[in-house]
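Asks: All residue numbers for the sequence shown refer to the working numbering, where the first residue is 3 and numbers rise by one.
Every residue, glycine too, gets a C-beta built ideally from N, C-alpha and C.
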Amino acid sequence: MRNSVDETGACGKCASEISIEATKCPDCGYEPSTVSVIGRSIMMVIGLLLTGTIIGAVIGIPLLYLGYKSHEYHKTLKPTNTDPEDTISFRELIEF
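1) Label I96 either buried or exposed according to how many other C-beta atoms from any shown protein chain fall within 10 Å of its C-beta, with 16 as the threshold for buried.
2) Taking the straight line between their C-alpha atoms, what separation do you get for S6 and G41?
3) In three-state DSSP terms, what is T53?
4) Is it right to say C16 is buried, meaning 16 or more other beta carbons lie within 10 angstroms of its own, or is it exposed?
5) Which ranges would you report for the beta strand (DSSP E) in the stretch 5-34 if only whole runs of at least 3 residues count?
Below, the structure written as structure tokens:
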């Protein structure tokens, strides 16, 4: 089993062999990203929330507008049958 100090990997920029624990490539000065798994997870959650918010806004805003317009339209309608002689009560309806 190799010691972790002896393990090497390729530099992300110049592909020279460097220690996996190196913070900077000795040849080109490239500093590999040290973004952790937690950092990636947080970015994934933020991205999903942002995507959901945008999709919700694209769908929700028109629905809110259409609902408001429908409500305003229905407030202006008047009942068509206002003659008490032509109306039927609920009780008469279920006994019919």
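Replies: The relevant details are as follows:
1) Residue numbering aside, residue 96 sits at position 94 when the sequence shown is read from its first letter. The residue is exposed, with fewer than 16 neighbouring Cβ atoms inside 10 Å.
2) Sequence index remark: in the sequence shown, residue 6 carries index 4 (1-based). Sequence index remark: in the sequence shown, residue 41 carries index 39 (1-based). In this prediction, S6 has a pLDDT of 47, which is less than 50 and means its spatial position is unreliable; nothing more can be read from the coordinates.
3) Taking the sequence shown and counting its residues from 1, one reaches residue 53 at position 51. Here DSSP, grouped into helix, strand and coil, assigns T53 to helix.
4) The sequence position of residue 16 within the sequence shown is 14, counting from 1. So C16 counts as exposed.
5) DSSP runs (the beta strand (DSSP E)) wholly in the stretch 5-34: 10-12, 19-21.
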